[in-house]
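Novice:
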Amino acid sequence: MATKKATKSTPNWSDVKSKLADFDRAGLLGLVQDLYVASKDNKTFLHARFGLGDDPLEPYKGIITQWINPSDYRKPMSVAKAKKAISDYKKALGQPEGLAELTVFYCEEVFDFLAGCGMDDEGFYDALVRMFEQALKYVLALPAAQQAAFLVRLDRVRQLGQNVGWSVGDDFDHFWTEAGFGDAS
137 MATKKATKST
147 PNWSDVKSKL
157 ADFDRAGLLG
167 LVQDLYVASK
177 DNKTFLHARF
187 GLGDDPLEPY
197 KGIITQWINP
207 SDYRKPMSVA
217 KAKKAISDYK
227 KALGQPEGLA
237 ELTVFYCEEV
247 FDFLAGCGMD
257 DEGFYDALVR
267 MFEQALKYVL
277 ALPAAQQAAF
287 LVRLDRVRQL
297 GQNVGWSVGD
307 DFDHFWTEAG
317 FGDAS
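Numbered as in the working numbering, the sequence shown ends at 321 without a single skipped number.
1) Taking the beta carbon of Cys-253 as the centre, do at least 16 other beta carbons fall within 10 Å, making it buried, or is it exposed?
2) Hey, is the region 148-158 in contact with the region 194-204, meaning 3+ C-beta pairs nearer than 8 angstroms?
3) Could you tell me the distance, in whole angstroms, from the CA atom of Lys-219 to the CA atom of Phe-260?
4) Going by alpha carbons, who is nearest to Gly-230 out of Phe-186, Ala-263, Asp-248?
5) What's the gap between the Cα of Ser-303 and the Cα of Leu-193?
6) How would you label Arg-294, buried or exposed, when you count the other beta carbons within 10 angstroms and need 16 or more for buried?
7) List, from N- to C-terminal side, the alpha helix (DSSP H) runs of 4 residues or more that fit wholly inside the region 197-249.
8) Could you spell out the range, first to last residue, of the alpha helix (DSSP H) harbouring Asp-190?
9) Please list, in chain order, all residues of the same chain as Leu-164 whose beta carbon is under 8 angstroms from its beta carbon, the five residues on each side excluded.
10) In chain order, what residues of the same chain have a beta carbon less than 7 angstroms from the beta carbon of Gly-297, not counting five sequence neighbours either side?
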């Protein structure tokens with residue numbers, strides 16, 4: 137008769153939380169300090185969460201630029217890593233205006249890149265269209281007084297999309313019209 141090995145479950149948040157209960161203030165601060173120095177992502181997260189620095193969006197914008205519009209076109213691009221910057225910001229702070237800014241900025245960076253270099257990748261353009269749609273949703277969720285400047289920028293992006301191909305312009309126009317901005321032509 138075979139005996140079953142005891143299977144150890146993967147630790148989860150409840151396990152971590154129960155261990156944290158044993159920490160005093162100094163121990164908890166030490167742990168956070170260790171996490172802070174352990175990774176640049178942790179530093180960025182904590183700076184954003186606590187509103188440290190002049191512009192909490194700056195590091196996230198830098199990541200978007202690095203992966204969507206690199207200064208050296210020979211460097212690799214990564215839509216996933218650029219989008220992850222927005223997701224990381226959402227986890228760290230997630231302010232609606234910040235999400236609107238980052239998604240609009242992403243779209244603008246794509247067109248800055250395309251101004252100097254071509255791209256023949258359907259997935260790249262599909263991601264752009266999805267980001268435009270997301271940006272429009274974030275902008276429209278803001279109070280009316282905050283929308284205007286973002287909508288001007290998105291309209292410029294929409295117009296730039298008319299010359300791209302891959303039906304980007306048509307898709308942009310669809311979302312623009314669906315958002316209530318009338319005929320996009």
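For glycine and all other residues, C-beta sits at the position ideal for the given N, C-alpha and C.
Specialist: Let me spell this out:
1) exposed
2) no
3) 12 angstroms
4) Phe-186
5) 31 angstroms
6) buried
7) With a minimum length of 4 residues, the continuous alpha helix (DSSP H) runs that stay inside the region 197-249 are 215-228.
8) Neither: Asp-190 is in no alpha helix (DSSP H) and is coded neither H nor E.
9) Leu-156
10) Val-304, Gly-305, Phe-308
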